[in-house]
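Notes follow once the structure below has been shown.
Chains as they are written, first to last, in the working numbering: chain A, 1 to 112; chain P, 1001 to 1110.
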């Protein structure tokens, strides 16, 4: 089964609202954790990452903290913009080759 | 994005025909990956390569083969396309620090 679980979408918010997209993972050891973003018609882009427990990744106003005790890596942003509308994927490394496996994605709609 | 290109960008093919998708990188990266993206499934790994002539299977490898004869090129072949292989295919390069993705190939099997 999928070892990265993220909240179902779509998520619809008004501009300037606070955003949280939940992500939990199952893993042995200490995987690296990622958030990727996909804008319409494009490939995925790395948004932020964290490589060890208690690390906080941040980029473009988005943040996520590597929580080993709750095996979570929730994405947050204090004030979303219409331009943040996209699909967001949580991901982690897996296996001896450190392949990256992805959650199913959460579509975010921001209304003006 | 600069550094990784996929071709073709769009393709329509008939059931039972062979299809080859190409991924080309200019970053001299050792690791390359093929994923497919489908609604409700996110991205699923098909095959990956950790060097020239070194490849391995991913989660959904049945019906697909790959080849890597040069560092810069990673080919994905559908030996006999089926309608279930209609999808958007993404190539990526990278390692545990993160991946860079191509822009994708939209494949329709009719």
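Glycine included, each C-beta is placed from N, C-alpha and C at the ideal position. These numbers come from a predicted model, not from an experiment.
- Boundaries of the beta strand (DSSP E) around residue 1074 (chain P): 1073-1078.
- Of A:14, A:21, A:3, the smallest CA-CA separation from residue 88 (chain A) is found for A:21.
- Contact note: residue 32 (chain A) reaches chain P through 1096, 1097, 1098, using a C-beta cutoff of 9 Å and chain order.
- Closest in alpha carbon position to residue 1063 (chain P), among P:1073, P:1108, P:1082, P:1054, is P:1082.
- DSSP places residue 1056 (chain P) in the uninterrupted beta strand (DSSP E) bounded by 1054-1057.
- With a cutoff of 8 Å on beta-carbon distance, residue 26 (chain A) and residue 3 (chain A) are scored as near each other.
- In this chain, the beta strand (DSSP E) harbouring residue 34 (chain A) covers 33-38.
- Bounds of the beta strand (DSSP E) holding residue 1092 (chain P) are 1087-1095.
- Classified as exposed, residue 1039 (chain P) has fewer than 16 neighbouring CB atoms from the shown chains inside 10 Å of its CB.
- When DSSP states are grouped into helix, strand and coil, residue 58 (chain A) belongs to the strand group.
- Residue-level contact by beta carbon holds for residue 102 (chain A) and chain P, with a gap shorter than 8 Å.
- Every beta strand (DSSP E) of 3 residues or more that sits fully in the stretch 58-87 of chain A is shown, in chain order, as 62-65, 75-77.
- Nearest to residue 1045 (chain P) by C-alpha distance, out of A:19, A:91, A:106, is A:91.
- Counting only unbroken stretches of 3 or more residues, the beta strand (DSSP E) elements lying wholly within the stretch 5-34 of chain A are 11-14, 19-21, 23-25, in sequence order.
- In the structure shown, residue 1061 (chain P) adopts coil according to DSSP, grouped into three states.
- Taking the Cβ atoms as the reference, residue 1020 (chain P) lies roughly 5 Å from residue 1077 (chain P), within the contact range of under 8 Å.
- For residue 1019 (chain P), the enclosing beta strand (DSSP E) has its first and last residue at 1019-1025.
- At a Cβ-Cβ threshold of 8 Å, residue 110 (chain A) and residue 85 (chain A) count as neighbours.
- Closest in alpha carbon position to residue 6 (chain A), among A:14, A:74, A:83, is A:74.
- For the stretch 1022-1053 of chain P, the set of positions with a beta-carbon nearer than 7 Å to some beta-carbon of chain A reads 1040, 1041, 1042, 1043, 1045, 1048, 1050 in chain order.
- Flagged as an interface residue toward chain P: residue 89 (chain A), by a C-beta distance shorter than 8 Å.
- Restricting attention to A:31, A:51, A:98, A:70, the CA atom closest to the CA of residue 1058 (chain P) is found in A:98.
- Rounded to whole angstroms, the gap between the alpha carbons of residue 1101 (chain P) and residue 41 (chain A) is 13 Å.
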